[in-house]
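Asks:
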Ligand code: ASP
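In my numbering, the protein residues as written are 6 to 312.
1) Within the continuous beta strand (DSSP E) that includes residue 179, where are the two ends?
2) Which of the three DSSP states, helix, strand or coil, is assigned to residue 298?
3) Short check: CB of residue 274 to CB of residue 228, under 8 Å?
4) Taking three-plus beta-carbon pairs below 8 Å as touching, is the segment 223 to 237 in contact with the segment 137 to 146?
5) Just to check, is the beta-carbon of residue 235 closer than 7 Å to a non-hydrogen atom of the ligand ASP?
6) Name the one or two DSSP bridge partners that residue 10 has.
7) Any idea what DSSP makes of residue 93, helix, strand or coil?
8) Which whole-angstrom value describes the C-beta separation of residue 44 and residue 11, a residue pair presumed to lie in contact below a C-beta threshold of 8 Å?
9) Looking at the ligand NAP, does it come within less than 7 Å of residue 271, judged from the CB to the closest heavy atom?
10) Should residue 264 go down as buried or exposed, given a rule of 16 or more other Cβ atoms within 10 Å for buried?
11) Can you tell me whether residue 308 is helix, strand or coil according to DSSP?
12) Ordered along the chain, which non-local residues of its own chain (more than five positions away) have a Cβ less than 6 Å from that of residue 58?
13) For the putative contact between residue 132 and residue 105, defined by C-beta atoms under 8 Å, what is the C-beta separation to the nearest angstrom?
14) Assuming contact is defined by CB atoms lying nearer than 8 Å, are residue 51 and residue 187 in contact in what I supplied?
15) Taking only heavy atoms of the ligand ASP into account, decide whether any of them is closer than 7 Å to the Cβ of residue 87.
16) Taking its Cβ as the centre, do 16 or more other Cβ atoms sit within 10 Å of residue 202, making it buried, or is it exposed?
17) Look at the alpha carbon of residue 233 and the alpha carbon of residue 215, and state the distance between them as a whole number of angstroms.
18) What first and last residue would you give for the alpha helix (DSSP H) that runs through residue 191?
19) Roughly how far, in whole angstroms, is the beta-carbon of residue 310 from the beta-carbon of residue 20, given that I think they are within contact range, below 8 Å?
20) Give me the Cβ distance between residue 329 and residue 149, rounded to the nearest whole Å; I'm assuming they're in contact under 8 Å.
21) For residue 163 and residue 83, what's the separation of their Cα atoms in angstroms?
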């Protein structure tokens, strides 16, 4: 039987050690540790990979440190338009939502789309209507407000730019989780507020199945970075295909995609992935990536910088 395993990310980018105060580093480390534990504990009790992924992502969405749920960036209209997706690799079922504004936990709405509808993706008010029907928690704009994201938006507006989370620090705060459960099933989930000052209706890679999120019986993948590049390289599915049809190992496929293909295109970012054996890869081509992982019976690993 495969060992169960879980990995999470809280975004990649130009995260410089000298810019992160010890207090902030401690806050991020604690947030990642707690989110990982939420998923790991479920896996330990025999829950499915999908449930573990949802639990870990909810923790990250509820934490304003990350650009997902509470703490999501501002769009050009001063709104928070969030994207999320979840995929169950055991049956290739998937659910996704795009440009939702009032849903506290977009990952749970994506799961509801997967489990309760015949569709894969709902957007905008149609997705929000489903959230109401399923009595998911809704919040007003104030809940999603954070001063830091507001200031970033003002800066981006003044410069007339569309930027990924922090333009100055170039940090992508999207969150995601991938897991392998005791039954040997894989799942992946990703959730984001997208890009600061993005156009009304812009959808990134995170909710696109095969783009920023994918899971099969081969691997589970969640991406973070310049969304448009991950969409055009069909990043998450490409990784799975390199393994399935190209015979590459998880590590080899990650190396090809993240360090070669994306770099050639000019796409900055990273991903987290786990395969059916419980091997974990956390590659990125940026300065850093908020990340944590743990395999059954092994020590927790939490890292931010390249080490
Ligand atoms: N990939 C996300 C997007 O383009 C951004 C991120 O990873 O922070 O929406």
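For every residue, glycine included, the Cβ atom is placed at its ideal position computed from N, Cα and C.
Here the structure is a predicted model, which is why all the values come from computation and not from measurement.
Replies: Quick answer:
1) Looking at the DSSP string, residue 179 is not in any beta strand (DSSP E), and its letter there is neither H nor E.
2) strand
3) yes
4) no
5) yes
6) 185, 300
7) strand
8) 5 Å
9) As far as ligands go, the structure on display features the ligand ASP and does not contain the ligand NAP.
10) exposed
11) strand
12) 182, 184, 192, 194
13) 5 Å
14) yes
15) no
16) buried
17) 13 Å
18) No alpha helix (DSSP H) contains residue 191, which is instead part of the beta strand (DSSP E) from 191 to 197.
19) 7 Å
20) What is shown of the chain runs 6 to 312, which leaves residue 329 out entirely.
21) 13 Å
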